[in-house]
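Visitor:
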Amino acid sequence: MTFFEHCDLDQRFTLSKSSWTPRGQYALVFDFDQRRAIKLYMNEDTSDEDVVFKIMAKFVDSGAIRSDSVWIQVSPDGNELIDQGSEVEEDYTMIPCYWTRDQFPPALPSIRRSDLVELDRLGLQVDRVAYDIPEGHTKEATFKYLVYENNIGAFWEEVNCIIGMHARGTHPNIVSFDRLVTETVKGVEKIVGFTTDFIPGGTLDDSKTRLFKLKYLYQLIETVDFLNLELGVVHGDVLSWNLLVDERTDNLLLFDFNSAFPLGEKPEISDVDLVVVAMFDVITRSLGDVFDGESPYEIDGVQLLAADLWEKDPEVNLDADVSEFLRVLKAWVERRKAAEEDPETEEVARNPVEWPELPDPPLVDCSGVMEPRESEMRQRLIMAGQPYIAWQRPSSHDLSLPENKGKVLLATGEFV
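Residue numbering for the sequence shown follows UniProt numbering, beginning at 1 and increasing consecutively.
(1) DSSP three-state label for D132, please.
(2) I need the boundaries of the alpha helix (DSSP H) containing I162, first residue and last residue.
(3) Identify the continuous beta strand (DSSP E) that holds V348 and give its terminal residues.
(4) Return helix, strand or coil for N228, following the three-state DSSP convention.
(5) State the Cα-Cα distance for the pair E135 and T170, rounded to the nearest angstrom.
(6) Have a look at R35 and M377 and give me their C-alpha separation to the nearest angstrom.
(7) Which of the three DSSP states, helix, strand or coil, is assigned to G408?
(8) Can you find the residues in the same chain that come closer than 7 Å, C-beta to C-beta, to P76, ignoring five residues on each side of it along the sequence?
(9) Please state the DSSP three-state secondary structure of V302.
(10) On a CA-only basis, which of Y26, R113, F53 is nearest I72? Give me that one, please.
(11) Skipping 5 residues on each side, what residues in its chain have a beta carbon closer than 6 Å to that of L124?
(12) Go ahead and pull the three-state DSSP assignment for P262.
(13) Can you list, in chain order, the residues of its chain with a C-beta nearer than 6 Å to that of K312? Leave out the 5 residues immediately preceding and following it.
(14) Which class does S86 belong to by DSSP, given the choice of helix, strand or coil?
(15) With the cut-off set at 7 Å, would you say G301 and V276 are in Cβ contact?
(16) With DSSP as the reference, please indicate the residues paired to G24 in a beta bridge.
(17) Am I right that S395 and V60 are in contact with their C-beta atoms under 8 Å? What's the rounded C-beta distance?
(18) Among residues of its own chain, excluding the 5 on either side of P362, which ones have a beta-carbon nearer than 8 Å to its beta-carbon?
(19) Since I believe L309 is in contact with K330 (beta carbons under 8 Å), could you give me their beta-carbon distance rounded to a whole number of angstroms?
(20) With distances taken Cα to Cα, identify the nearest neighbour of G63 among I55, H397, R112, I162.
(21) May I ask you to verify whether the segment 76-87 touches the segment 97-109, counting CB pairs closer than 8 Å and requiring at least 3?
(22) Could you check the C-alpha separation between K326 and V245 for me, to the nearest Å?
(23) State the beta-bridge partners of K144 as determined by DSSP.
(24) Under three-state DSSP, which class holds S62?
(25) Assuming F104 contacts I174 (C-beta within less than 8 Å), just tell me the rounded distance between them.
(26) Could you pull the start and end residues of the alpha helix (DSSP H) that V277 belongs to?
(27) By DSSP's criteria, R393 is part of a beta bridge. Which residues make up the other side?
(28) How long is the line joining the alpha carbons of V348 and F30, rounded to whole angstroms?
(29) If you measure between the beta carbons of L274 and V238, is that distance less than 7 Å?
(30) Beta-carbon within less than 6 Å of R179's beta-carbon, same chain only, minus the 5 sequence neighbours each way: which residues are those?
(31) Could you tell me which residues DSSP pairs with Y41 in its beta bridges?
(32) Sorted by chain position, which residues of the same chain lie with C-beta nearer than 7 Å to A57's C-beta, five sequence neighbours on each side aside?
(33) For my contact list, K208 and E315 are in at a C-beta cut-off of 8 Å; report their separation, rounded to the angstrom.
(34) Which two residues bound the contiguous beta strand (DSSP E) that contains M1?
(35) Rounded to the nearest angstrom, how far is the Cβ of L204 from that of L243, given a contact under 8 Å?
(36) Can you check DSSP and say which residues form a bridge with H137?
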């Protein structure tokens, strides 16, 4: 079962815009499962995401929407699919303007997207893949890619953070960079994503019964200190869903740097506070209940440590008493907070990662006028007879259809 078969609908779909055309009122919906944009016409208010997403899920999962359709028309109550079409004039799909290979360090290894085989869908723009390596072996990796145009800036920050850390060497408690993923368009090699090592077993958020060792806390503390004080990187999302345990090495691993930023850029977000929140979640499993509706990124770690809330969940397994975990946490938090507040010991990274500026967007033909844009309409590329990078793939529901049994799905979205 892929991520998209059990996630909330507002994780699978996003409402890009709600507007009008001569055909009527529509919602432009992006489906991260199929990696596809569809215009939904229903002659009713199309700004209600709950209604729109339920309608989309109903007709996508039933197989009622053709693979080439770019728009659908449903009845006012959303129960009936009335019409659909593939006219290029109705295609509002946006294609990111991908960066070229020469905008990245030349020594980095790379692999073509067509050489990756999809094994699982782990989340939004994240898949588990496999590819062949020498001597007849296969390697599994996590493939992070850029398909949705609103993520261009964040993706540039993440890939360059990962590359910058990779240049400083591997760390035993950070999931390692593997290679860049490329696609060639009109003879130019473009970067569409990157891979990291795949670590099986799921995150700490996935299993509350897995034994959590005191040494994992020490490893997490050391890793955050290394990121913040050595590399000048704030992870920005040190929570249980971004922590793994590698059963091969018995090491805690931190991953997912799509919220990372340079030390000092966002003083309101602290990895130190987030470590406290993560440990509270691991030990008590009551984060959502105690802080219902409150963002974990706004919780004060010092106050949380002092609160009488640290009752271990009966299903949680620890190799030390809760009091010992709290002792280690408090000592570390006091040290880090004291350094943050003392101007004479201001935290400055010793070997900071370089964060290159987002390149200026290329000039794109917009109705005959060349303008700088980070993405361009697939409609215009098709009309001009220009090639483009295609991402659409079958829905998770379609993967189990009889006609797809025994086939291999490439990361390009094609069955072979």
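Beta carbons: idealized from backbone N, C-alpha and C, even for Gly.
On a predicted model such as this, the values are computed, not experimentally measured, just so you know.
Guide: The short version:
(1) strand
(2) 152-167
(3) Note, V348: premise wrong, no beta strand (DSSP E); not H, not E.
(4) helix
(5) A straight-line Cα-Cα distance of about 25 Å links E135 and T170.
(6) 15 Å
(7) According to the sequence displayed, residue 408 carries Val and not Gly. Reduced to three states, the DSSP call for V408 is coil.
(8) M42, N43, E44
(9) helix
(10) Y26
(11) F32
(12) DSSP places P262 in strand when its eight states are reduced to three.
(13) I283, V322
(14) coil
(15) yes
(16) T21
(17) 6 Å
(18) C97, P372, R373
(19) Not quite, the Cβ-Cβ distance comes to about 14 Å (not below 8 Å), so this is no contact.
(20) H397
(21) no
(22) First, the amino acid is wrong: residue 326 is Leu here, not Lys. Rounded to whole angstroms, L326 to V245 spans 21 Å at the Cα level.
(23) V126, F194
(24) coil
(25) That pair is no contact at about 20 Å.
(26) Counting along the chain, the unbroken alpha helix (DSSP H) around V277 starts and ends at 271-284.
(27) Paired residue(s): none; R393 is not in a bridge.
(28) 41 Å
(29) yes
(30) P109, S110, I111, T195
(31) Its beta-bridge partners are Y26, Q73.
(32) These residues qualify, in order along the chain: L9.
(33) 5 Å
(34) Per DSSP, M1 lies in no beta strand (DSSP E) and is assigned neither H nor E.
(35) 5 Å
(36) I133
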